[in-house]
Amino acid sequence: MLPIHEPTVAELFDLRGKRALVTGASGHLGGELARALAEAGATVVASSRDLARAEAVVADLPSCDGASHRAVQLDHMDEPSLLAGFAAAIDAVGEVDVLVSNGHEPLAADWTDVTAEQFSRHLKNATGYFLLARLMREHAVARQKPASVILLGSMYGIVGSYPEVYRDVCPVSPAAYHALKGGIVHLTRHLAVCWAPDGVRVNCLSPGPFPSDKAPLELVRRLCDRSPMRRMGQPHELKGAVLFLASDASSYMTGQNMVIDGGWTAW
Ligand SMILES: NC(=O)c1ccc[n+]([C@@H]2O[C@H](COP(=O)([O-])OP(=O)(O)OC[C@H]3O[C@@H](n4cnc5c(N)ncnc54)[C@H](OP(=O)(O)O)[C@@H]3O)[C@@H](O)[C@H]2O)c1
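FYI, the numbering for the sequence shown is 108 to 374, going by my numbering.
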């Protein structure tokens, strides 16, 4: 019997030769997710709804072994744009091995005043994640190669809000956001089961509180009080998780929700 090569840890986490599409790469977390994959050797295709913004992200990414990162325009809320953006990514780098669906159209209205139209539109973020993941699965099957799909969830896809944290500062986390992210956590499980025979792994990455510097200071202070670690997450604290999910280090993992929340959901 031939000896089985046991991959080393360095090999398991090595993304050289892999190509990764990261949506919403211009954002607070998307930029760090793209950077993590680039630092691990992947060729990154960064997307934005605005091509110039995606190009700016790409210009700032480190490159291993001459990886040539690329930018595409892609809007999750618009099916023709998803199709065109995914096709442009393949045109740009040949094949795609990893999809990180991170882009997110936000909603300001909470449960008190959200309209039916606003609520439904917010849920359409999940439609975009699904349609893009299905394109990725078709691509993987056509080229007979494995793929890793990573969907961004949230701690708010698992637990309810603390309404008092938001009181008199800003609207409470939107009801539609909780429905959306809970749906994405569960969509992950369903797609993982359906696509496991195709070699397509689907996992969810759920951040806890990672407010950007645009968040009100009082809100951040109250959120810190609610966190077991008494502090907010820094975007680079998602780098290890996305690398794990994207790489062969997680080759036996599918359908799971990886929660990086400073212990928020452990109370
Ligand atoms: N930050 C947190 O505390 C936190 C916590 C839990 C979960 N999350 C999740 O993590 C992901 C990233 O969040 P973030 O905080 O980095 O948000 P962000 O800074 O607002 O970035 C989101 C990005 O999504 C893009 N986007 C907006 N509408 C889009 C659309 N229709 N189609 C495609 N892309 C679109 C935007 O880029 P362009 O304008 O360039 O297109 C934006 O840069 C989201 O899925 C969010 O729900 C964040």
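Heads up, the beta-carbon is just placed ideally off N, CA and C, and yes, glycines get one too.
Considering just the uninterrupted stretch of the beta strand (DSSP E) at residue i, what are its terminal residues?
{"i": "C171", "result": "It is not in any beta strand (DSSP E) - C171 carries neither H nor E in the DSSP assignment."}
{"i": "N310", "result": "V307 to P314"}
{"i": "A153", "result": "T150 to S155"}
{"i": "V116", "result": "Unbroken run through V116 is the alpha helix (DSSP H), V116 to L119; no beta strand (DSSP E)."}
{"i": "N364", "result": "N364 to I367"}
{"i": "V179", "result": "R177 to Q180"}
{"i": "L258", "result": "A254 to L259"}
{"i": "A127", "result": "R126 to V129"}
{"i": "V276", "result": "V276 -> no beta strand (DSSP E), and no H or E assigned at all."}
{"i": "V207", "result": "V205 to S208"}
Just to confirm, is the Cβ distance from residue i to residue j under 8 angstroms?
{"i": "S264", "j": "S313", "result": "It should be pointed out that residue 264 corresponds to Gly in this sequence rather than to Ser. Their beta carbons are under 8 angstroms apart, which means G264 touches S313 by this criterion."}
{"i": "A233", "j": "L287", "result": "yes"}
{"i": "S154", "j": "G201", "result": "no"}
{"i": "G315", "j": "I257", "result": "no"}
{"i": "P342", "j": "F317", "result": "yes"}
{"i": "T372", "j": "V272", "result": "no"}
{"i": "L213", "j": "C277", "result": "Reading off the sequence, residue 213 comes out as Pro, not Leu. Their beta carbons are not under 8 angstroms apart, which means P213 does not touch C277 by this criterion."}
{"i": "L122", "j": "S354", "result": "yes"}
{"i": "L326", "j": "M339", "result": "no"}
{"i": "S133", "j": "A174", "result": "no"}
{"i": "D305", "j": "R244", "result": "yes"}
{"i": "E139", "j": "L345", "result": "yes"}
So residue i and residue j are supposed to be a Cβ contact under 8 angstroms. How far apart are they, rounded?
{"i": "T126", "j": "V165", "result": "With the sequence shown as reference, residue 126 is identified as Arg, and Thr is not the correct amino acid for it. At roughly 13 angstroms, the Cβ-Cβ gap does not stay under 8 angstroms, so R126 and V165 are not in contact."}
{"i": "C171", "j": "G148", "result": "4 angstroms"}
{"i": "T295", "j": "N364", "result": "6 angstroms"}
{"i": "V292", "j": "A254", "result": "Not really, about 20 angstroms apart at Cβ, beyond 8 angstroms."}
{"i": "A141", "j": "L168", "result": "6 angstroms"}
{"i": "H176", "j": "A145", "result": "6 angstroms"}
{"i": "L189", "j": "G260", "result": "So it is not a contact: roughly 19 angstroms between Cβ atoms."}
{"i": "N310", "j": "M262", "result": "The Cβ separation is near 16 angstroms, so there is no contact."}
{"i": "R337", "j": "Y269", "result": "Not confirmed; about 15 angstroms, so no contact."}
I need the boundaries of the alpha helix (DSSP H) containing residue i, first residue and last residue.
{"i": "A249", "result": "A223 to R250"}
{"i": "L189", "result": "E186 to V200"}
{"i": "R328", "result": "L324 to R333"}
{"i": "V300", "result": "A282 to W302"}
{"i": "R142", "result": "G137 to E146"}
{"i": "A348", "result": "K346 to A353"}
{"i": "V272", "result": "P270 to Y273"}
What do you reckon, is the C-beta of residue i under 7 angstroms from a heavy atom of ligand 3?
{"i": "N364", "result": "Because ligand 3 does not appear in the structure shown, any question about it cannot be addressed here, the ligands present being ligand 1."}
query = Per the contact definition of three or more C-beta pairs closer than 8 angstroms, is the segment 168–183 in contact with the segment 226–245?
reply = The segment 226–245 makes contact with the segment 168–183: 3 or more CB pairs, one atom from each, lie closer than 8 angstroms.
request  = Determine, using beta-carbon pairs with one atom in the segment 293–301 and one in the segment 347–359, whether at least three such pairs fall under 8 angstroms.
outcome  = Counting C-beta pairs closer than 8 angstroms gives fewer than three between the segment 293–301 and the segment 347–359, which falls short of the contact rule.
query = Okay, do the segment 275–291 and the segment 212–226 touch, 3+ Cβ pairs below 8 angstroms being the bar?
reply = Contact between the segment 275–291 and the segment 212–226 is present, because at least three Cβ pairs lie under 8 angstroms.
task = Decide yes or no for the touch test of the segment 128–146 against the segment 196–211: beta carbon pairs closer than 8 angstroms, at least 3 of them.
result = These segments touch.
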